[in-house]
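Novice: Just so we're aligned, residue 2 is where the sequence shown starts under my numbering, counting upward by one.
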Amino acid sequence: MVIEKIVLEQIMNMKKYIFIIIAILPILLNGQDSIENKNYIPRQYKIRSFMDTSNVVFQDIYNLWQNYQAERNLNFQKKEKTDFSKYWHKDELEKYGDNCDLYSIYAFNYYTYQNKELFIGINKRNDTLYELQSVYYMDYDGFDLTSIITVPVIKIADNEYRLYNKFSLNRNALKTYKKDFITYFFPENYNLDKDAINETIKKVKEIYQDLGINKIKPITYYIDFYLTDIVNRLGLQVYLEDFVDIEGHNKNGKTIIFPRLLIYTSDGEKNVHEFLHILLDDLRDEDDTYTNFLDEGFCSFFGDHQGSPYKENIKMLKEFLNDNNQIDLSVDLTNAYKIDGKFYSVIDKEENIQRSWMVDREKSINYSYILAAVIYDIAFRNGGYDKVKQIALDKRPNDKIYDIIKDHLSIERKDVNSFIRNFINSNY
Ligand SMILES: [Zn+2]
Numbered sequence: 002m003v004i005e006k007i008v009l010e011q012i013m014n015m016k017k018y019i020f021i022i023i024a025i026l027p028i029l030l031n032g033q034d035s036i037e038n039k040n041y042i043p044r045q046y047k048i049r050s051f052m053d054t055s056n057v058v059f060q061d062i063y064n065l066w067q068n069y070q071a072e073r074n075l076n077f078q079k080k081e082k083t084d085f086s087k088y089w090h091k092d093e094l095e096k097y098g099d100n101c102d103l104y105s106i107y108a109f110n111y112y113t114y115q116n117k118e119l120f121i122g123i124n125k126r127n128d129t130l131y132e133l134q135s136v137y138y139m140d141y142d143g144f145d146l147t148s149i150i151t152v153p154v155i156k157i158a159d160n161e162y163r164l165y166n167k168f169s170l171n172r173n174a175l176k177t178y179k180k181d182f183i184t185y186f187f188p189e190n191y192n193l194d195k196d197a198i199n200e201t202i203k204k205v206k207e208i209y210q211d212l213g214i215n216k217i218k219p220i221t222y223y224i225d226f227y228l229t230d231i232v233n234r235l236g237l238q239v240y241l242e243d244f245v246d247i248e249g250h251n252k253n254g255k256t257i258i259f260p261r262l263l264i265y266t267s268d269g270e271k272n273v274h275e276f277l278h279i280l281l282d283d284l285r286d287e288d289d290t291y292t293n294f295l296d297e298g299f300c301s302f303f304g305d306h307q308g309s310p311y312k313e314n315i316k317m318l319k320e321f322l323n324d325n326n327q328i329d330l331s332v333d334l335t336n337a338y339k340i341d342g343k344f345y346s347v348i349d350k351e352e353n354i355q356r357s358w359m360v361d362r363e364k365s366i367n368y369s370y371i372l373a374a375v376i377y378d379i380a381f382r383n384g385g386y387d388k389v390k391q392i393a394l395d396k397r398p399n400d401k402i403y404d405i406i407k408d409h410l411s412i413e414r415k416d417v418n419s420f421i422r423n424f425i426n427s428n429y
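1) Who are the Cβ neighbours of residue 1 in its own chain at under 7 angstroms, not counting the five residues just before and after it?
2) Just to confirm my understanding: we take residue 102, look at its own chain, exclude 5 residues before and 5 after, and list those with CB closer than 6 angstroms. What are they?
3) Quick check on the DSSP output: the beta strand (DSSP E) that includes residue 163 runs from which residue to which?
4) On the CB-based measure, 16 or more other CB atoms within 10 Å of its CB, does residue 13 come out buried or exposed?
5) Please state whether the Cβ-Cβ distance between residue 155 and residue 183 is less than 8 angstroms.
6) Buried or exposed: where does residue 225 fall if 16 or more other Cβ atoms within 10 Å of its Cβ makes it buried?
7) Output the distance between the C-alpha atoms of residue 87 and residue 73, rounded to the nearest integer angstrom.
8) Starting from the C-beta of residue 281, find all residues in its chain whose C-beta is less than 8 angstroms away, skip the five residues before and the five after it, and write them out in chain order.
9) Could you round the C-beta distance between residue 153 and residue 167 to whole angstroms and report it? I think they count as a contact, below 8 angstroms.
10) I'd like the list of long-range same chain contacts for residue 157, defined as Cβ closer than 6 angstroms, with 5 residues on each side in sequence excluded.
11) Can you tell me where the beta strand (DSSP E) holding residue 122 begins and where it ends?
12) Would you check if the stretch 303-323 and the stretch 221-241 touch, i.e. whether three or more CB-CB distances between them fall below 8 angstroms?
13) Straight-line CA distance for residue 337 to residue 69?
14) Grab the span of the alpha helix (DSSP H) containing residue 432 for me, first residue to last.
15) Rounded to whole angstroms, how far is the Cβ of residue 266 from the Cβ of residue 228, which I believe are closer than 8 angstroms?
16) Quick one, which of 418, 136, 355, 334 has its alpha-carbon nearest residue 340's?
17) For the alpha helix (DSSP H) holding residue 254, just list the boundary residues, first then last.
18) If you draw a straight line from the C-alpha of residue 376 to the C-alpha of residue 421, how long is it?
19) Within a Cβ cutoff of 8 angstroms, which residues of the same chain sit near residue 425, ignoring the five residues on either side of it in sequence?
20) Over the uninterrupted beta strand (DSSP E) stretch that includes residue 134, give me the two end residues.
21) Measuring from the CB of residue 300, is there a heavy atom of ligand 1 at a distance below 7 angstroms?
22) Would you mind working out which of 276, 56, 344, 325 sits nearest residue 204, comparing C-alpha positions?
23) Going by the DSSP bridge assignment, what does residue 337 pair with across the sheet?
24) Classify residue 116 as buried or exposed, calling it buried when 16 or more other Cβ atoms lie within 10 Å of its own Cβ.
25) Rounding to the nearest angstrom, what Cα-Cα distance links residue 98 and residue 259 in this structure?
26) In chain order, what residues of the same chain lie with their CB nearer than 8 angstroms to the CB of residue 411, ignoring the 5 residues before and after it?
27) What are the start and end residues of the beta strand (DSSP E) that includes residue 221?
28) Is it buried or exposed, residue 218, if we count other Cβ atoms within 10 angstroms and call 16 or more buried?
29) Give the DSSP-derived three-state secondary structure of residue 278 in the structure shown.
30) Roughly how many angstroms separate the alpha carbons of residue 332 and residue 401, rounded to a whole number?
31) Between residue 25 and residue 45, what straight-line distance do the alpha-carbon atoms span, to the nearest angstrom?
32) With respect to the beta strand (DSSP E) encompassing residue 185, which residues constitute its N-terminal and C-terminal limits?
33) Between 83, 361, 61, which lies nearest to residue 71 when the distance is taken from Cα to Cα?
34) Cβ of residue 160 within 8 angstroms of Cβ of residue 53?
35) Using the Cα positions of residue 262 and residue 254, report the straight-line distance between them to the nearest angstrom.
36) Assign residue 148 to one of two classes, buried (16 or more other C-beta atoms within 10 Å of its C-beta) or exposed (fewer than that).
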């Protein structure tokens, strides 16, 4: 899943929320969305009751925060870029560019109309540092909390403030380990697996070389124990995805392509997958960042998925497809819907059914990712790295995946289901 150059790895249901937009005038403090646009859906936000909102510093920071979110909400709908320099501190822009809002990695789209905001408040930490806190929720199946975030705000001049990442403040407390092209950040009490790192670096270098890149530009890798530890350090108080499955460890990774920052839960040292998202970007034109779902296949075929190699995942996919004969891969390669443990392909008349990736949390596998990996498996057998590159460099978006398959692998859409099933059953 790729959003604004951030790649998310999650064993999760990407619910396609159907939003019922109710036009309610939000209760505001000088906070009317200042940007006028007739077709745009405004955010709904309000401030906690009994707050003293008369303080000038409070108003300055609150307005900065609400103007920032209003502009991003508008740009989100217009699919336009935001000028972050009006809102974010220059340190953060230097480090992370257009991905400077690290909150949006885990508090996904918090600033859009899809999330309602209850503003909690602002507190002074020292002469130049303040912190604001806010909570977000969705109206879906009733009241759904999505995130609570705490954002540092730096005073840069009289009446002038800029937003800052909590992670940038917390990063100093982390230990650092530099090896070859990677700098790792990890907590003091985390036992970094240096042997696994050496192994990973070797594998990543080999794949880079196989694809014709000899020098790898520096990459930063932040590893922490659990998802909750990661998001806490990034300034989120809760992360619901960490509490879906009672049975233990939710492996989770992210790639933020522009700052070349990888994030992973414990054992991330063994992970090659995230590096390959960076490789794909390195392979593509410098000023042209594009991604599609097949990238997950590239990274899962040449790298790994949820800590397991392709040769293990493909066996699980084989079993899954043979157990779910009703899935028609010529209808959809990436999504299906689930009823009583069985997956079904979505046909037009059922478009209102919630589609999601084909995942099995218990077995820790996203079958959709491995299906995309099969495409690269077929490509590699057909024409080696040249064929692989052709597909990787095809800029067409997700809704053109079948065209990409047809043009590079000569498989018609109607034949994709039988082709993939036969390929897997005869090779694995
Ligand atoms: Zn990925």
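No residue lacks a Cβ here, since even glycine has one placed at the ideal position from N, Cα and C.
Note that the coordinates shown come from a computational prediction; the quantities given were computed from them, not determined experimentally.
Specialist: Here's the rundown:
1) Because the chain is modelled from 2 through 429, residue 1 falls outside the range shown and cannot be assessed.
2) none
3) 161-164
4) Legend: pLDDT at residue 13 = 38, less than 50; position of this residue unreliable, value from coordinates given subsequently. With 16 or more other Cβ atoms within 10 Å, it is buried.
5) no
6) buried
7) 12 angstroms
8) 292, 296, 299, 300, 393
9) 6 angstroms
10) 163
11) 117-125
12) no
13) 36 angstroms
14) Residue 432 lies beyond the residue range present for the chain, which begins at 2 and ends at 429; the question has no answer from this structure.
15) 6 angstroms
16) 355
17) No alpha helix (DSSP H) holds residue 254; the beta strand (DSSP E) holding it covers 254-257.
18) 8 angstroms
19) 315, 318, 319, 322, 375
20) 130-140
21) yes
22) 276
23) 357
24) buried
25) 7 angstroms
26) none
27) 220-224
28) exposed
29) helix
30) 13 angstroms
31) Residue placement at residue 25 cannot be trusted, given a pLDDT of 30 that sits under 50; what the coordinates show is reported in the next sentence. Between residue 25 and residue 45, the C-alpha separation is close to 8 angstroms.
32) 183-187
33) 83
34) no
35) 11 angstroms
36) buried
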